[in-house]
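Those letters in the sequence shown? Residues 423 to 502, by this note's numbering. Glycine included, C-beta positions come from ideal geometry on N, C-alpha and C. The block underneath contains the structure these notes are about, expressed in structure tokens.
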Amino acid sequence: MSRIIGYMLQLAGCLCIAWGVLVWGSFALVAFKGFIGTDGNEAGGELLTFLGALLLFCAIGFASMRYGSKLIVRRKAFGR
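Set out below in structure tokens:
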């Protein structure tokens, strides 16, 4: 049972990273374009917020994948 949960956690982690990169990465790129276009006068706060959200989602996804991989590891049967 723990192996199934491990696989589901790994899948959830991959999806979390993919969603974070797709959504927050695109928002960060738009804010970065505004930040560069105004020579740094606007969109600095939004850029930091979006990059922070991107980093948070990637960290949560990576932690979920690591925990899932620890649950998948086969343990040797006793006496074999």
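Residue interval of the alpha helix (DSSP H) (run including residue i)
{"i": "A465", "result": "Neither: A465 is in no alpha helix (DSSP H) and is coded neither H nor E."}
Sub-8 Å separation of residue i and residue j beta-carbons
{"i": "L476", "j": "A450", "result": "yes"}
{"i": "G490", "j": "G442", "result": "no"}
{"i": "G483", "j": "I426", "result": "no"}
{"i": "F457", "j": "G447", "result": "no"}
{"i": "D485", "j": "L469", "result": "One point to set straight first is that residue 485 is Ala, not Asp, in the sequence displayed. For A485 and L469, no; Cβs fall outside 8 Å."}
Residue from the options with nearest C-alpha to residue i
{"i": "L444", "options": "E468, D461 and F472", "result": "F472"}
{"i": "L433", "options": "L470, I494 and F457", "result": "I494"}
{"i": "Y429", "options": "M487, A481, C480 and G462", "result": "M487"}
{"i": "L437", "options": "A481, R497 and K492", "result": "A481"}
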